[in-house]
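Numbering (my numbering), first residue to last: 72 to 789.
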Amino acid sequence: MEKKSYDLSIRDYLFILKKRKKIIVLVLLLTLTAVIFGTYLATPSPQYKATASVRVERITDVTGFLMEVISYPLGDVLQGQMELIRSYDVMEKVAKALGLIPRDATVEEVSTNDTYRNTISSIRDAITVERQGSSNIISISAIANSAEKAQRLANLVAEQYREVNIVSRNKRVFDAKDFVEKRLNQVEEKLKSAEDELRSFREGATLAHLTQKEMETAKKLVDIEGRIEDLRTEKAEVDYAVQLVKQGRMISPRSQLTVERDQGAIVTTLKIYSDLLLKRENLLLTYFPAHPAVKAVDGELENTKIELLKHLTAQSTGYQKRVDLLEGELRTLQAKARQLPAEALSFERLKREVEINGTLYTQLKTKYQELLIKEAERIEEVSIVNPAVKPYSPVNRPSYLQNGLLGILIGLLLGVVFSVFYESYDTSITTVEEIESILEVPVLGVIPYLGEKELKEEMSKRGQDKIPQDPELFKALFTYFTPDHFLTEAFRILRTALLKVESARVLAVSSPATREGKTFVMMNLAISIAQTGKKVLVIDADFQMSMVNRLFGIPREPGLSDVILRNVPFSQAARSIVDLILGERGFDFALSGTGLENVHILPTGGKSPKAREMLSVYIKDVLTEVKEIKEFDYIIIDTPPILPVMDAVELSTHVDGVLLVYEAGKVPKMALRRARTHILNAGGRIIGAVLNKMKAEVSPDYYKYTYTHYYGGKEKRA
72 MEKKSYDLSI RDYLFILKKR KKIIVLVLLL TLTAVIFGTY LATPSPQYKA TASVRVERIT
132 DVTGFLMEVI SYPLGDVLQG QMELIRSYDV MEKVAKALGL IPRDATVEEV STNDTYRNTI
192 SSIRDAITVE RQGSSNIISI SAIANSAEKA QRLANLVAEQ YREVNIVSRN KRVFDAKDFV
252 EKRLNQVEEK LKSAEDELRS FREGATLAHL TQKEMETAKK LVDIEGRIED LRTEKAEVDY
312 AVQLVKQGRM ISPRSQLTVE RDQGAIVTTL KIYSDLLLKR ENLLLTYFPA HPAVKAVDGE
372 LENTKIELLK HLTAQSTGYQ KRVDLLEGEL RTLQAKARQL PAEALSFERL KREVEINGTL
432 YTQLKTKYQE LLIKEAERIE EVSIVNPAVK PYSPVNRPSY LQNGLLGILI GLLLGVVFSV
492 FYESYDTSIT TVEEIESILE VPVLGVIPYL GEKELKEEMS KRGQDKIPQD PELFKALFTY
552 FTPDHFLTEA FRILRTALLK VESARVLAVS SPATREGKTF VMMNLAISIA QTGKKVLVID
612 ADFQMSMVNR LFGIPREPGL SDVILRNVPF SQAARSIVDL ILGERGFDFA LSGTGLENVH
672 ILPTGGKSPK AREMLSVYIK DVLTEVKEIK EFDYIIIDTP PILPVMDAVE LSTHVDGVLL
732 VYEAGKVPKM ALRRARTHIL NAGGRIIGAV LNKMKAEVSP DYYKYTYTHY YGGKEKRA
């Protein structure tokens, strides 16, 4: 056969680019990635900036009882607040909120730990504050290496600064509320317990024998004892307040309640003292103790402390005098009431316990409601105007546009070069011309690729009642089940070309390597020939990968090996459509299409190493016996692949020709060339080739072999 030259056209080059588009895309992506990554390495790490805004207002106590006159200009006040925002206390709370410092860490632990202090310093360095023009709004900006961190840091600083301001401005109310709430629960429990004891006493004791005078004496005695106990408790609270004032500390809420029972100058002095302490604490958030503003408050605080101690000492002395008087009165009364029954004293003590706890509970309840109102009306000088939003781009954002465009251009050029280079070194065969050039025989047919999705769609279209729902069987006998499909038309074209070949009645169908679809081609070709009315015998000679009997649903034995070993005659081993009807597939399968009535099947038979060894010797006798019957127009043999097994090569000398099946783009040229050499060296004949599983992205010949036909008025196109 004359060799054909195959010159590349522009269409072929375009096809190469389309075929190797994955390489082009991969090279483009790699190049673009390298350019972008290089640009990234050449730029500093991104820094994101987020800004929150807070409004600072120096407001008065909303109840109207405390009026503060601001003697400092607004600018000075805001400057102090800006320093407070970046203060150590606020930064420490932010670090704890971020989880960088344990929440339960004390001030001493934080101040003595270098890691904690460095963490607080790094947070402070990332925060900048700025006043917006001449307004009372302060901008809090945070810089971090991610947009989320910057947003969260700015918002946390604003929130913690606001919380610090609220706590410092409302500390007295919060502390008093907590104390009263705890005390209220305690008194409530004591009141219930006292009421229960009094009820039990009344139910168990008899008081009818007591005189009115005895009851009055007992009541008076118990009242004096209770008053002495109350005065001693109040004196102890006042004495404790004296100790706290001497230490320069805030008076506890419990002591404060006792002290404030005496109206007058002491209440005013105590309030001034508490306000000065709070003012000093707020100043220390911004200034050092040696600052003039702190020194001025310290002077006022010292004078107020002296005045307050004078009042507290006088109050403590007054309590002691009252205790002494009541104790004298108690001793006199006790001398007169020595014969007083114990039941009377116990009853009066229980009554007084209930009355005292009831009165105290009512007072605490009233005080608690007052504190709740004050808490709701708490002073809030700081409000968050604009929370920080997530920044879209870093403040040091590099320009990637120019480098990215350049990377795309270079990537496309390199992709084209690599695709052409890869194509030139690709040893697989994808064109009809290449196969014909290597085998020096014509390509008799091109079978398009049928994917799993298309196969299932075709099965679904045919209906479950008409065909078996077995994808493997459906594909193996595709021409039998789908006579109007373009794939069936491809086998008709192969059949027509094969029928024109002279002296090609006994054919061996093989392939260079495994899994190239030789059995699929063999079975559909046999069905296609049988559909013309010709009798076809299918012989399965692939002892290692026998599939024919399984697909047709017939037993493997008896078969070819049994005929070779003379165990059974050919007439008993060959199967017809009757055997198919009686087999696993059944009557519906045998009548699902046309052509099977003209097909006879000779399966491989029993597994016998001896039969395989005798195959090359006695296959000629088997074929001669079959030919003498003169019942079959064509004998088609499914053989093993040529390169892995020598059976096909040995069989090639006993048949009219070998039909070589090749999957487009699978095995290299050398494999196809070696398969041809093996057959020719053995004395066999290759009558033609079949290019199987043709895909549009694999071979440009796909479009040359696209079939367009009309079936029932409807156009179907590959």
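All residues carry an ideal CB built from backbone N, CA and C; glycine is no exception.
Rounding to the nearest angstrom, what Cα-Cα distance links I635 and E655 in this structure? 26 Å
Proximity test, Cβ basis, 8 Å: P360 and chain D: As a matter of chain content, chain D is missing from the structure shown, which is built from one protein chain.
Return helix, strand or coil for N467, following the three-state DSSP convention. The answer is coil: DSSP assigns N467 none of H, G, I, E or B.
Which residue or residues does DSSP assign as beta-bridge partners of T122? Looking at the DSSP assignment, T122 forms a beta bridge with S212.
Let's test the definition: count the other Cβ atoms within 10 Å of the Cβ of Y463 and tell me whether it reaches 16, buried, or not, exposed. exposed
Under a three-way DSSP split, which group does I506 fall into? helix
Nearest CA to the CA of T502: which residue from T199, L762, P680? L762
Proximity to G736 [Cα-Cα], best of K764, F641, H725, E628: If we check each option's Cα against that of G736, K764 comes out closest.
Paired residues, beta bridge with Y705 - DSSP: V607.
When the distance is taken between beta carbons, is E378 closer than 8 Å to T340? Contact flag set, yes.
Measuring only the C-alpha atoms, how far is N467 from A121? Distance from the CA of N467 to the CA of A121, rounded to the nearest whole angstrom, comes to 13 Å.
My output table needs one value for L515: the three-state DSSP class, helix, strand or coil. Of the three classes helix, strand and coil, the one that applies to L515 here is strand, per DSSP.
DSSP three-state call for H725: helix, strand or coil? DSSP places H725 in helix when its eight states are reduced to three.
Beta-carbon proximity list for P513, same chain, < 7 Å, skipping 5 on both sides: E507, G759
In angstroms, rounded to a whole number, what distance separates the CA positions of L510 and F614? 27 Å
Residues near K350 by beta carbon distance below 8 Å, same chain, minus five either side: Excluding sequence neighbours, K350 sits near V368.
Quickly, what does DSSP pair V453 with across the bridge? List them, please. BP columns for V453 point to V127.
Return the CA-CA distance between A123 and E252, expressed in angstroms with no decimal places. Distance between the alpha carbons of A123 and E252 is about 36 Å.
Thinking C-alpha only, which one of R174, I198, A113, D185 is nearest E154? I198
DSSP on T675, reduced to helix/strand/coil? Correct three-state label for T675: coil.
Please classify N47: does DSSP put it in a helix, a strand, or coil? Residue 47 lies beyond the stretch modelled for the chain, which goes from 72 to 789, so this question has no answer here.
Would you call S574 buried or exposed, if buried means 16 or more other Cβ atoms sit within 10 Å of its Cβ? exposed
Count Cβ pairs between the segment 573-593 and the segment 723-736 that sit closer than 8 Å; are there 3 or more? yes
Environment of P680 [buried if 16+ CB atoms lie within 10 Å]: exposed
Other residues of its chain near Y689: CB distance less than 6 Å, five sequence neighbours each side excluded: I635
Since T183 and L171 should fall inside the 8 Å C-beta cutoff, what is the C-beta to C-beta distance between them, to a whole number of angstroms? The pair is not a contact, with the Cβ atoms about 17 Å apart (cut-off 8 Å).
Please confirm whether A612 and P629 have their CB atoms less than 8 Å apart. Result no, Cβ atoms of A612 and P629 do not sit closer than 8 Å.
V309 and L383 - do their beta-carbons sit closer together than 8 Å? yes
Would I481 and T102 be called neighbours here (beta carbons separated by less than 8 Å)? With respect to the 8 Å criterion, I481 and T102 are classified as neighbours on the basis of their beta carbons.
Which two residues bound the contiguous beta strand (DSSP E) that contains S581? 577-581 is the span of the beta strand (DSSP E), which, as asked, contains S581.
Distance check for V460 and E529, CA to CA, integer angstroms please. 56 Å
For R646, list the residues DSSP reports as bridge partners. I672
Just how far apart, CA to CA, sit R788 and K92? For R788, the predicted structure reports a pLDDT of 36, less than 50, and the residue's modelled location is therefore unreliable. A value from the coordinates is still provided. If I take the Cα positions, the gap works out to 25 Å.
Would you identify the three-state DSSP class for T199, choosing helix, strand or coil? strand
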